[in-house]
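Read in our numbering, the sequence shown has 380 at position 379, and its numbers run on one by one without any break.
All C-beta atoms in this analysis are idealised placements derived from N, C-alpha and C, irrespective of residue type, glycine included.
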Amino acid sequence: MKNNIYLDNCSTTPLSKYVKTEMIAAMNEDYKNPSSLHRLGITSEKAMEKALKSVSTLMNAMPNKVFFTSGGTESNNMAIFQVAKARKRNVKIALTMADHPSITETVKAYGIETYILPIDRFGVIKLEEIELPEHLDMIIITHVHNEIGSIQPMYEICKAVRKKYPTTHIHADCVQSYGKFKLHPEDWDIDTMSVSSHKIHGPKGIGAIYIKNPNKTSPFIVGGLQQRGLRGGTENILGIVGFGAAAEERLQYLESNLEKVALLKRTFMNILEDADIEYHVNSSENGTPYILSLSIPNAKGEVILHMMEERGIYISTSSACSSKSSHARKPLDVMGISRDRIEGTIRICFNEQLTEKEVTIAATELVKCIRTYNQWMGR
Ligand SMILES: Cc1ncc(COP(=O)(O)O)c(C=O)c1O
Numbered sequence: 002m003k004n005n006i007y008l009d010n011c012s013t014t015p016l017s018k019y020v021k022t023e024m025i026a027a028m029n030e031d032y033k034n035p036s037s038l039h040r041l042g043i044t045s046e047k048a049m050e051k052a053l054k055s056v057s058t059l060m061n062a063m064p065n066k067v068f069f070t071s072g073g074t075e076s077n078n079m080a081i082f083q084v085a086k087a088r089k090r091n092v093k094i095a096l097t098m099a100d101h102p103s104i105t106e107t108v109k110a111y112g113i114e115t116y117i118l119p120i121d122r123f124g125v126i127k128l129e130e131i132e133l134p135e136h137l138d139m140i141i142i143t144h145v146h147n148e149i150g151s152i153q154p155m156y157e158i159c160k161a162v163r164k165k166y167p168t169t170h171i172h173a174d175c176v177q178s179y180g181k182f183k184l185h186p187e188d189w190d191i192d193t194m195s196v197s198s199h200k201i202h203g204p205k206g207i208g209a210i211y212i213k214n215p216n217k218t219s220p221f222i223v224g225g226l227q228q229r230g231l232r233g234g235t236e237n238i239l240g241i242v243g244f245g246a247a248a249e250e251r252l253q254y255l256e257s258n259l260e261k262v263a264l265l266k267r268t269f270m271n272i273l274e275d276a277d278i279e280y281h282v283n284s285s286e287n288g289t290p291y292i293l294s295l296s297i298p299n300a301k302g303e304v305i306l307h308m309m310e311e312r313g314i315y316i317s318t319s320s321a322c323s324s325k326s327s328h329a330r331k332p333l334d335v336m337g338i339s340r341d342r343i344e345g346t347i348r349i350c351f352n353e354q355l356t357e358k359e360v361t362i363a364a365t366e367l368v369k370c371i372r373t374y375n376q377w378m379g380r
């Protein structure tokens with residue numbers, strides 16, 4: 002029997018059973034426009050409020066500081082827009098350039114001056130080496146890196162930034178950490194934070210942004226007064242209900258999921274470690290267990306990906322958003338990883354719905370693929 006083992010969970014995750022059930026119920030309910038003043042509109046508004054409560058609780062934020070968007074990309078755009086529109090003088094943003102394209106490309110598109118934060122080979126910001134410029138409008142931090150899974154020391158970075166600049170806008174991209182780790186927007190003292198639904202078994206095309214000071218914020222999508230005036234357009238009620246259900250589920254299992262995924266990753270690594278094959282681990286030991294980036298020496302990651310696909314196992318080489326772009330410097334390149342090593346990179350992203358058996362099959366098949374590849378190459 003052919004396998005069907007999905008290990009590309011950083012690109013997106015399958016809808017959970019509960020999310021599907023809740024979304025189908027919402028479809029049958031045939032929700033009307035939440036802005037309508039009649040009874041039918043009010044029912045939709047109630048469903049949205051319920052979802053907002055779950056989504057914001059999982060963000061560890063008050064519901065009045067959370068706004069639905071179309072996903073992590075829009076949330077990142079909205080945050081950068083806040084700073085870019087205040088073009089009274091030159092705007093300066095600090096970032097690592099190993100961030101997701103919804104950050105790096107947006108900063109480029111606005112033509113914003115950047116201060117590149119020093120990072121180590123895992124993409125972790127080197128606090129001791131930061132020489133922050135005299136003036137800084139914004140700093141962007143990706144909490145968990147989407148390609149190699151490194152975790153930024155949020156408290157330390159935010160504290161250092163706040164010490165020098167009490168009012169600089171701090172934005173956190175928490176798309177890969179939301180629903181997997183506890184977030185602390187208030188303790189970190191950040192201004193905005195992006196999250197997305199489809200990375201936690203919710204539907205695609207829906208996400209949210211935390212905004213510390215909604216009253217001082219401008220809408221990025223201008224239109225009607227939906228979402229307390231901060232995001233125009235009739236709300237994606239089905240997406241919102243699905244996102245709410247996904248968040249509700251994650252809230253119950255946050256810690257047990259993390260433990261389960263750590264064990265799955267260990268099982269996978271044990272099989273690789275016991276095999277007589279060569280590989281480099283790009284991910285840090287201290288990173289998230291949800292993401293494992295490996296490089297196979299003198300190999301093409303894409304070929305390994307397709308060999309695995311033939312066996313019914315789905316992995317990736319890099320993030321879905323940067324896999325098709327050739328013009329931008331890729332995050333691993335920014336981290337100082339050599340071109341050869343990047344060429345041979347594969348990314349394995351676990352989720353808690355996987356079983357030990359599936360992970361064992363996947364690792365065993367990967368070992369076989371690498372051996373076959375080496376034989377083809379006469380090694
Ligand atoms: C770190 C990070 N930020 C932002 C995004 C974009 O999120 P979305 O797909 O919801 O637009 C992604 C998606 O892969 C991501 O990994």
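Placement of the Cβ of His-172 at a distance of 6 Å or more from every heavy atom of ligand 1 is found.
Taken from the Cβ of Gln-153, every heavy atom of ligand 1 lies 6 Å or farther away.
In the three-state reduction of the DSSP assignment, Val-176 falls in the coil class, being assigned neither a helical nor a strand state. Judged by DSSP secondary structure, Val-56 falls outside any beta strand (DSSP E) and instead within the alpha helix (DSSP H) spanning 40 to 60.
Taking 8 Å as the upper bound for CB-CB distance, Val-162 and Ile-140 are in contact here, some 5 Å apart. Counting only runs that start and end inside the stretch 181 to 255, the alpha helix (DSSP H) elements of at least 4 residues fall at 186 to 189. Within 10 angstroms of the beta-carbon of Gly-203 lie 16 or more other beta-carbons, which makes it buried. When the five nearest sequence neighbours on each side are left out, the beta carbons in the same chain lying within less than 7 Å of the beta carbon of Asn-4 are those of Arg-312, Gly-313, Ile-314, Ile-362, in order along the chain. Put simply, the backbone Cα of Pro-332 is about 43 Å away from that of Asp-31.
Two segments are said to touch when three or more pairs of C-beta atoms, one from each, lie closer than 8 Å; by this definition the stretch 92 to 106 does not touch the stretch 231 to 243.
DSSP, read as helix, strand or coil, puts Met-63 in coil. Here the alpha carbon of Leu-264 sits roughly 10 Å from the alpha carbon of Thr-356.
The C-beta distance from Cys-11 to Gln-177 rounds to 6 Å, short enough to meet the 8 Å contact threshold. Secondary structure at Cys-159: helix, using DSSP grouped into helix, strand and coil.
Between the alpha carbons of Thr-346 and Leu-306 lies a gap of roughly 10 Å. Placement of the Cβ of Val-360 at a distance of 6 Å or more from every heavy atom of ligand 1 is found. Cα atoms of Tyr-156 and His-172: separation of roughly 13 Å, rounded to the nearest angstrom. In this structure Gly-302 is in contact with Glu-344, their Cβ atoms being roughly 7 Å apart against a cut-off of 8 Å. For Lys-266, the number of other beta carbons within 10 angstroms of its own is at least 16, and it is reported as buried. The beta carbon of Ser-57 sits closer than 6 Å to the beta carbons of Pro-64, Val-67 from its chain, once the five residues preceding and following it are set aside; these are given in chain order. A direct Cα-to-Cα measurement between Gln-153 and Tyr-179 gives close to 14 Å. With respect to the C-alpha of Asn-214, the residue from Ala-80, Ile-25, Ile-297 having the closest C-alpha is Ala-80.
In this structure, Glu-236 and Phe-82 do not form a Cβ contact; the two beta carbons are roughly 20 Å apart against a cut-off of 8 Å. For Arg-342, the CB contacts under 6 Å within the same chain, skipping 5 residues up- and downstream, are Ser-296 in chain order. Lys-93 carries a strand assignment under DSSP once its states are collapsed to helix, strand and coil. Taking the Cα positions, Met-28 is about 25 Å away from Gln-253. For Tyr-19, the enclosing alpha helix (DSSP H) has its first and last residue at 18 to 30. Checking the 6 Å criterion, the Cβ of His-101 is within range of a heavy atom belonging to ligand 1.
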